[in-house]
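Below is one structure, written out as structure tokens, with a few remarks after it.
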Amino acid sequence: MDAEGIERSLTRIAYEILERNKGTDNLIIIGIRKGGISLAERLCKKLSSIEGAEIMSGMLDITLYRDDVLTTGKRPAIESTYIPFPLDHKRVVLVDDVLFTGRTIRAAMDALMDFGRPELIQLAVLIDRGHRELPVRADFIGETLPSALWENISVNLTDNRNADEVVIEES
Amino acid sequence: MGVQAGLAMSGWRFKSTMNLSRKDMLGIIDLPKEEIDLILDTAESFKEISTRTIKKVPTLRGKTVITLFFEASTRTRTSFEIAAKRLSADTINISASTSSVVKGETLIDTARNLESMNPDIIIIRHSAAGAAHILAGLLEQSIINAGDGAHEHPTQALLDMLTIREKKGSIKGLRIAIVGDIAHSRVARSNIYGLTKMGADVAICGPAMMMPRDIDQMGVSVYYNMGDAIKDADVVMMLRMQLERQEKTLFPSLREYTNLFSLNRDNIKLAKDDVIVMHPGPINRGIEITPEIADGPHSVILEQVTNGVAVRMALLYLLSGGTK
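Here the protein sequences line up with chains A and B, keeping their order. Counting from 294, one number per residue, gives the positions in the first sequence under our numbering. Counting from 5, one number per residue, gives the positions in the second sequence under our numbering.
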């Protein structure tokens with residue numbers, strides 16, 4: 294997937310979010326660290342330019358909610374979470390780059406519940422690579438990319454939009 | 005709040021995945037600068053949890069933390085307990101006055117018995133220097149030193165360093181004055197080790213009889229005049245006059261001490277305009293610091309307490325689980 298492809302996918306996802314939620318009322322976009330942060334930022338810009346409204350946004354570090362946080366060899370670094378508003382009655386769109394096992398999303402949903410009781414949570418991802426280990430599905434998908442378990446999929450977004458890319462590598 | 009503002013506040017500092025190279029947190033003296041940075045970075049991220057409506061994350065679910073306090077404490081013990089609870093650990097508090105210590109049980113027997121109940125982390129405060137080190141050598145569990153005699157109080161130094169870094173951006177190159185009874189102060193000792201490692205210019209001040217004998221080897225400048233010590237300081241750290249540790253012969257007159265070594269509205273003008281004033285608590289109001297300074301605009305004393313919870317959460321997290 295090249296820079297143009299990523300851009301078109303995000304534009305389509307933005308329209309889908311607006312269509313599904315009938316506008317931006319009570320809508321909050323929350324990026325999951327680290328891969329979801331810049332995607333969430335771009336989605337927010339698109340949403341607010343389409344609707345002409347300010348979009349609420351936040352970021353979430355799910356490390357402390359991971360199911361393997363104490364069992365991996367190293368303690369993962371903790372980044373800050375920034376959700377400075379209660380999520381009660383809000384429509385939350387979680388944003389991440391790659392949907393894989395679903396474990397990150399499980400952790401993210403648990404974390405969100407500690408910030409209130411959202412009206413609903415939707416999930417937007419740029420890539421769905423399959424191999425789910427939990428019953429999780431995305432509401433908005435850039436591209437479904439069947440992959441082998443031993444492959445790495447990396448989404449590289451930079452300040453230079455033209456260099457954006459999604460790469461599949463043998464690990 | 006727009007996303008731009010949100011992202012700008014994130015402070016995208018890259019934090020590497022690394023571990024503490026130790027099972028226990030016994031002192032600052034053998035803690036490398038990189039590990040101090042790791043603990044402070046982690047603590048910075050943990051601060052946000054204490055501002056939530058639901059102030060709890062599930063990370064240490066199923067872990068047991070014991071606080072074993074042979075000396076009085078409200079701040080430190082409560083801070084550790086809150087830190088552990090906000091990480092979902094179970095906590096048990098034992099204080100000497102209500103334990104079998106009053107029946108004559110030795111420290112080592114107490115520790116062996118606690119070990120048999122399979123805790124994960126034991127936090128100890130004791131009046132004897134080296135008490136935490138003894139437990140660390142004997143027990144499999146992670147031991148955190150919450151103060152051992154006049155030796156070290158590592159978590160206090162870490163929360164002080166977090167507060168300074170937050171207020172001043174960095175510790176390197178700052179002029180930091182520590183004033184009071186240095187010889188009896190584990191807070192001073194841990195801070196001297198930590199702040200010099202982080203590149204601060206540390207000035208120590210107090211009566212000559214309250215200077216530790218090894219002060220020459222600590223990489224600090226020593227003053228016996230308060231004005232000289234706090235001149236142009238970025239940070240002034242006042243120590244509690246530990247009346248309970250003073251032998252009467254060392255301490256002729258409290259009023260004389262207050263006249264010479266108390267921080268007040270006159271001598272604070274010698275420090276930089278944006279000086280921050282710190283105190284580990286509990287404060288003896290009117291002895292080492294006047295109430296108007298302790299409660300004044302330069303004071304960050306209560307922010308130190310807030311940061312204490314974050315630093316202790318960071319330590320409990322970094323010392324828990326996995327391969328060491």
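In this text, a Cβ means the ideal position worked out from N, Cα and C, and glycines have one as well. As the structure is a computational prediction, the values presented were derived from the model and not from experiment.
query, result
"Within the 7 Å Cβ cut-off, does T374/A reach chain B?", "yes"
"To which residues of the same chain is Q415/A closer than 6 Å at the C-beta, ignoring the five residues directly before and after it?", "V386, D432"
"Which residues of chain B have a Cβ atom closer than 9 Å to the Cβ of V460/A, listed in chain order?", "Ordered by position in chain B, no residue passes the 9 Å Cβ test against V460/A, which lies about 21 Å from the chain."
"Please list the partners that V362/A has in chain B, where partner means a Cβ-to-Cβ separation under 7 Å.", "T63"
"Could you tell me whether the Cβ of I371/A comes closer than 7 Å to any Cβ of chain B?", "yes"
"What separation, rounded to the nearest whole angstrom, lies between the Cα atoms of A417/A and S54/B?", "29 Å"
"Do you know whose CA, among L419/A, R359/A, R384/A, lies nearest R399/A's CA?", "R359/A"
"Using a Cβ cut-off of 9 Å, pull out every chain B residue sitting near F408/A, in sequence order please.", "R56, T57, I58"
"Tell me which residues share the same chain as I86/B and place their Cβ nearer than 6 Å to its Cβ, disregarding the 5 neighbours each side in the sequence.", "V313"
"Is there a Cβ from chain A that is less than 7 Å from the Cβ of T200/B?", "no"
"Going by C-alpha distance, which of A318/B, I138/B, L322/B, L243/B is nearest G290/B?", "L243/B"
"Within 10 angstroms of the Cβ of E334/A, are there 16 or more other Cβ atoms? Answer buried if so, exposed if not.", "buried"
"Tell me R129/B's beta-bridge partners as DSSP assigns them.", "F73/B"
"Within the same chain, show all residues whose beta-carbon is closer than 8 Å to that of M245/B, passing over the 5 residues directly before and after it, in chain order.", "G184, D185, L258, Y261, N288, I291, E292"
"Considering only residues of the stretch 133 to 215 of chain B, which uninterrupted alpha helix (DSSP H) runs meet the minimum length of 4 residues and lie entirely inside it, listed in chain order?", "135 to 142, 158 to 172, 190 to 201"
"Can you tell me where the beta strand (DSSP E) holding F408/A begins and where it ends?", "Segment: none, F408/A is in no beta strand (DSSP E) and carries neither H nor E."
"Rounded to whole angstroms, what's the CA-CA distance from S49/B to I33/B? Just pull it up for me.", "25 Å"
"For G325/B, return the contacting residues in chain A, with the cut-off set at a CB-CB distance below 7 Å.", "L363, T364"
"Would the stretch 228 to 241 of chain B count as touching the stretch 272 to 283 of chain B if we require 3 or more Cβ pairs under 8 Å?", "yes"
"Kindly give me the distance between the Cβ atoms of R368/A and L322/B, rounded to whole angstroms, as I take these residues to be in contact under 8 Å.", "5 Å"
"From A458/A to A207/B, what distance separates their C-alpha atoms?", "For the record, residue 458/A in the displayed sequence is Glu; it is not Ala. Their Cα atoms are separated by approximately 54 Å."
"Kindly list, in the order they appear in chain A, the residues whose Cβ is closer than 8 Å to that of N311/B.", "Near N311/B there are no residues of chain A at all, since even the closest Cβ is about 14 Å away, more than 8 Å."
"Does DSSP classify N453/A as helix, strand or coil?", "coil"
"Give a yes or no on whether 7 Å exceeds the smallest Cβ distance from R384/A to chain B.", "no"
"Quick one: is L247/B buried, meaning 16 or more other Cβ sit within 10 Å of its Cβ, or exposed?", "exposed"
"Taking all protein chains shown into account, do 16 or more other C-beta atoms lie within 10 angstroms of the C-beta of A9/B, making it buried, or fewer, making it exposed?", "Any reading at A9/B is ruled out, since the residue's pLDDT is 38, under 50, leaving its predicted position unreliable."
"Can you pull the chain B residues whose beta carbon is under 8 Å from the beta carbon of P379/A, in chain order?", "T57"
"With DSSP as the reference, please indicate the residues paired to F433/A in a beta bridge.", "A417/A"
"So, does the CB of R368/A fall closer than 7 Å to a CB anywhere in chain B?", "yes"
"Among the residues of its own chain, which have a CB less than 6 Å from the CB of Y308/A, if the five just before and after it don't count?", "none"
"Using only the alpha-carbon positions, how far apart do P377/A and M230/B sit?", "44 Å"
"Run through chain A and tell me which residues come within less than 8 Å of E52/B, C-beta to C-beta.", "S373, T374, Y375"
"Which parts of the stretch 321 to 375 of chain A are runs of the beta strand (DSSP E), unbroken and 3 residues or longer, counting only runs that do not cross its ends?", "349 to 353"
"With 7 Å as the threshold, decide whether the Cβ of L416/A is near any Cβ in chain B.", "no"
"Write down every uninterrupted run of the beta strand (DSSP E) in the stretch 227 to 298 of chain B whose length is 3 residues or greater and which is fully enclosed by it, in chain order.", "239 to 242, 280 to 282"
"Hey, is the stretch 306 to 320 of chain B in contact with the stretch 157 to 165 of chain B, meaning 3+ C-beta pairs nearer than 8 Å?", "yes"
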